[in-house]
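The structure under discussion appears below in the form of structure tokens.
Number of protein chains: 2
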Amino acid sequence: MTAHEYSHPERILLNSGQSLPDIRVAYHTFGELNADKSNVVLICHPLTADSNPLNWWGAIVGPNKAIDTNRYFVLCSNVLGGCYGTTGPSSINPKTGTPYGLSFPIITIRDMVTVQRHLCDHLGIERIHMVIGGSMGGMQALEWVAQCPDRVHACVSIAATSQVSPLAIAFDSVGRHAILNDLVTHTSGPSSGLAIARQLGHITYLSEEALEAKFSRQLQDADAFQYHMAPEFQVESYLSYQGNKFVNRFDPYAYLYLTKAISYFDLAHHYGSIEAALGPSHASFLIMAIRSDWLYTSKQSKTLVYELMKQNKHVSFVEIDSDYGHDTFLIDSDETRAVIHGFLDSL
Amino acid sequence: MTAHEYSHPERILLNSGQSLPDIRVAYHTFGELNADKSNVVLICHPLTADSNPLNWWGAIVGPNKAIDTNRYFVLCSNVLGGCYGTTGPSSINPKTGTPYGLSFPIITIRDMVTVQRHLCDHLGIERIHMVIGGSMGGMQALEWVAQCPDRVHACVSIAATSQVSPLAIAFDSVGRHAILNDLVTHTSGPSSGLAIARQLGHITYLSEEALEAKFSRQLQDADAFQYHMAPEFQVESYLSYQGNKFVNRFDPYAYLYLTKAISYFDLAHHYGSIEAALGPSHASFLIMAIRSDWLYTSKQSKTLVYELMKQNKHVSFVEIDSDYGHDTFLIDSDETRAVIHGFLDSL
Chain A
2 MTAHEYSHPE RILLNSGQSL PDIRVAYHTF GELNADKSNV VLICHPLTAD SNPLNWWGAI
62 VGPNKAIDTN RYFVLCSNVL GGCYGTTGPS SINPKTGTPY GLSFPIITIR DMVTVQRHLC
122 DHLGIERIHM VIGGSMGGMQ ALEWVAQCPD RVHACVSIAA TSQVSPLAIA FDSVGRHAIL
182 NDLVTHTSGP SSGLAIARQL GHITYLSEEA LEAKFSRQLQ DADAFQYHMA PEFQVESYLS
242 YQGNKFVNRF DPYAYLYLTK AISYFDLAHH YGSIEAALGP SHASFLIMAI RSDWLYTSKQ
302 SKTLVYELMK QNKHVSFVEI DSDYGHDTFL IDSDETRAVI HGFLDSL
Chain B
2 MTAHEYSHPE RILLNSGQSL PDIRVAYHTF GELNADKSNV VLICHPLTAD SNPLNWWGAI
62 VGPNKAIDTN RYFVLCSNVL GGCYGTTGPS SINPKTGTPY GLSFPIITIR DMVTVQRHLC
122 DHLGIERIHM VIGGSMGGMQ ALEWVAQCPD RVHACVSIAA TSQVSPLAIA FDSVGRHAIL
182 NDLVTHTSGP SSGLAIARQL GHITYLSEEA LEAKFSRQLQ DADAFQYHMA PEFQVESYLS
242 YQGNKFVNRF DPYAYLYLTK AISYFDLAHH YGSIEAALGP SHASFLIMAI RSDWLYTSKQ
302 SKTLVYELMK QNKHVSFVEI DSDYGHDTFL IDSDETRAVI HGFLDSL
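Protein chains in written order, with the working numbering: chain A, 2 to 348; chain B, 2 to 348.
And the structure:
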């Protein structure tokens, strides 16, 4: 992977009607762009990841992997609103010389894709051989097809949805509430709202079965209950650990803005109908769901597949038979690898 | 309902090994205790309720209701650790003259029942005709049978479990984390950790289907997205409202201690096995689960029923076919009323 940066020379008009100047995009590339630029695999990252898929999807991306960088030119950029190099709420507002913070405009999944589109234009890439992503990345992959029906040859959306459910909105809303409290109380660190939001996120990333298998009611440090207010169960320690670790690597403002973008995501709403959104495209689709995912459920994926089939699209559907929940898409598994490899090979 | 108070004259030894002096118990009674004191229905309240079932279970309790106060002497007390009259963390510590706060000893469901047992002794009630409760109240009902196998004639446990799952522990743990942060930051009111914990609780009280039916992706105040950071979806406004309302009526310390008691609850662990816990009793059981309850699942209830049947107990099992989730047990429904009435009549 090679790290790059691109500065977009013009203001970008956002979904909200506001606009942003001086957008910088951090991106990574891997492999060689072929002569006719027909071997581009665009990877869209999930909520808290960065533009280097080797950091979080090394099982899928690399030489001789499912997405084989000996054959494909892999491109991945940090999303607009993020905190890993692309312009986001912690970037400096050129007008004030200080970070945007909550004055950063609200962004949507559509805006993320708009920025990626400008990056592709800059790189002279007209056609995307395959756009792929999991979770929030899977939403971007679908949005790519909707926004640029003629530019995408194939779309892989994993553990995602075309319409974020009230349950997912509810969880993200509580997480944002916890973070917004910090702006009042100026808390940061392990006790912060960001840690709480992350703990909450982790509950939704694991299934009930996974929590049972991974932790059950095991205690952390003792054979018997200690009868104190601190965490005693392993599942509590796990969540505390994940929360504390996260505050050292992620920006609370970015978390606010990215989860807000997720809550808005609803292709049918944005384009009038799911048919209006995806109908114009001739892309092949692979929709992958995880049986035990209760954040973006298999049922939601099936609804999308049904819509795509009604529209006479080329669509493959795979439900990964995993107990592990939403996060299964990030885990190295023979099945996930084989399915992505097979789909890419078949194109 | 008549409100009463009882002061226990002796220290009570707790599950933790600590003890508490001067325990006061707020309780309500309704109806007449008959001559041989054989018509006692003991109601155990859920997490945030009080000792007056008419405030929260008026559909079930009253003259000519499922629990008919013309026939039965209904007794309900606020739990130990609560904030509606019974000794809890916001009570004055007689040793210091100031509220206990976090110096209050950790309590368990067993301790709640121990206090209720002392209250019954004080009232001269030896046999409980039926002990009944939902959610945390259902746990107390089971604990009553385990702690006093000879005193309980019938036990009704609704939307509860004999063993709290890691998923439920995880949610309560995040809620406590949010509340404990307030002790560092001295936040209170609508932005407090208690509001966040309550929002989180409300997510677990509703099913995915209920959230879909009740809110879907409806917006609160507008036809179109407003693109600001404040809540826009109805589900967000609902949760904010519930959180804000709750901080005016509940004590954050009580929430910490009561949810901790729930997390510990595991009859098999406390008594060595579920057989050791419930085997000695000759009580009749009614286990009621709610199909769409994902906090204390129908599957968990079935596991308990299976154990009870293996032990050759009289056990009835009803799964309420409701989409509404955990909170179904608090809602007026013909089915719930009929099942409780039928069971009570059959005793």
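Built from N, CA and C at the ideal position, the CB exists for glycine as well.
Check: Should A/Val146 be flagged as near chain B, meaning a C-beta pair shorter than 8 Å?; Outcome: no
Check: What residue from B/Leu220, B/Leu181, B/Gly202, B/Ser238 has the CA that sits closest to A/Met230's CA?; Outcome: B/Leu181
Check: Going by C-alpha to C-alpha distance, which of B/Leu81, B/Ala67, B/Pro64 sits closest to B/Arg25?; Outcome: B/Leu81
Check: Taking all protein chains shown into account, decide if A/Pro90 is buried (16 or more other Cβ within 10 angstroms of its Cβ) or exposed.; Outcome: buried
Check: Can you confirm whether A/Lys246, when its beta carbon is compared against all beta carbons of chain B, has any partner nearer than 8 Å?; Outcome: no
Check: Have a look at B/Lys303, B/Glu213, B/Tyr228, B/Ala169 and flag the residue whose alpha-carbon is nearest the alpha-carbon of A/Leu201.; Outcome: B/Ala169
Check: A/Arg25 touches chain B at which residues, Cβ-Cβ below 9 Å?; Outcome: None at all; the shortest Cβ gap to chain B is about 22 Å.
Check: Pull up the CB-CB distance for A/Pro106 and A/Leu21, whole angstroms please, since I reckon it's below 8 Å.; Outcome: 6 Å
Check: Does DSSP put B/Thr3 in a helix, in a strand, or in coil?; Outcome: strand
Check: Should B/Ala269 and B/Gln164 be called a contact, given that it needs their Cβ atoms to be closer than 8 Å?; Outcome: yes
Check: Do three or more CB pairs link the stretch 71-87 of chain B to the stretch 52-63 of chain B at distances below 8 Å?; Outcome: yes
Check: By Cβ distance, which residues of its chain are closer than 6 Å to B/Ile291, with the 5 residues on each side in sequence left out?; Outcome: Ala160, Ile321, Ser323, Thr329
Check: Using 8 Å for Cβ pairs, my map puts A/Arg250 next to A/Ala60. What's the rounded Cβ distance?; Outcome: Not a contact, Cβ separation roughly 20 Å.
Check: Comparing alpha-carbon positions, which option in B/Ser39, B/Ala196, B/Leu212 lies nearest B/Ile126?; Outcome: B/Ser39
Check: At the 8 Å Cβ level, is B/Pro22 part of the contact set with chain A, yes or no?; Outcome: no
Check: Do the CB positions of A/Arg1 and A/Arg128 come within less than 8 Å of each other?; Outcome: Absent from the structure is residue 1 of chain A, since the part of chain A shown begins at 2 and ends at 348.
Check: Rounded to a whole number of angstroms, what is the C-alpha to C-alpha distance between A/Phe31 and A/Glu6?; Outcome: 14 Å
Check: Scan the stretch 53-66 of chain B for residues whose Cβ lies nearer than 8 Å to a Cβ of chain D and list them as they occur along the chain.; Outcome: Looking for chain D here will not work: the only protein chains present are A and B.
Check: In the DSSP output, which residue or residues are listed as bridge partners for A/Arg366?; Outcome: Residue 366 of chain A is absent from the structure shown; chain A starts at 2 and stops at 348.
Check: Cβ of A/Leu348 less than 8 Å from any chain B Cβ?; Outcome: no
Check: Judging by CA-CA distance, which residue of B/Leu240, B/Glu144, B/Pro95 is the nearest neighbour of B/Cys45?; Outcome: B/Glu144
Check: Consider the Cβ of A/Asp267: report whether some Cβ of chain B lies at a distance smaller than 8 Å.; Outcome: yes
Check: Might you give, ordered along the chain, the residues of its own chain that have their beta carbon closer than 6 Å to the beta carbon of A/Ser241, omitting 5 neighbours on each side?; Outcome: Pro232
Check: Sorry if obvious, but does the Cβ on A/Ile288 come closer than 7 Å to a heavy atom of the ligand SAM?; Outcome: Questions concerning the ligand SAM fall outside what the structure shown contains, since it holds no ligand whatsoever.
Check: Looking at the secondary structure, which residues open and close the beta strand (DSSP E) in which A/Phe234 lies?; Outcome: It is not in any beta strand (DSSP E) - A/Phe234 carries neither H nor E in the DSSP assignment.
Check: With a threshold of 8 Å between beta carbons, is B/Ala160 in contact with chain A?; Outcome: no
Check: Can you tell me where the alpha helix (DSSP H) with A/Ile197 in it begins and where it stops?; Outcome: 194-206
Check: Tell me whether A/Asp267 sits in a helix, a strand or coil according to DSSP, three-state version.; Outcome: strand
Check: Would you say A/Met230 faces chain B, with C-beta separation under 8 Å as the test?; Outcome: yes
Check: With DSSP as the reference, please indicate the residues paired to A/Phe74 in a beta bridge.; Outcome: A/Val41
Check: Please list, in chain order, the chain A residues whose beta carbon lies closer than 8 Å to that of B/Val175.; Outcome: Ile197, Gln200, Leu201, Ile204, Leu240
Check: For B/Ala290, which residues does DSSP report across the bridge?; Outcome: B/Glu320
Check: When burial is assigned at 16 or more other CB atoms within 10 Å of the CB, is A/Arg12 buried or exposed?; Outcome: exposed
Check: Quick one: using the 10 Å Cβ neighbour count with 16 as the cut-off for buried, is B/Glu308 buried or exposed?; Outcome: buried
Check: By DSSP, does B/Gly343 sit in helix, in strand, or in coil?; Outcome: helix
Check: Can you tell me whether B/Met131 is buried or exposed? The criterion is at least 16 other CB atoms within 10 Å of its CB, across all chains shown.; Outcome: buried
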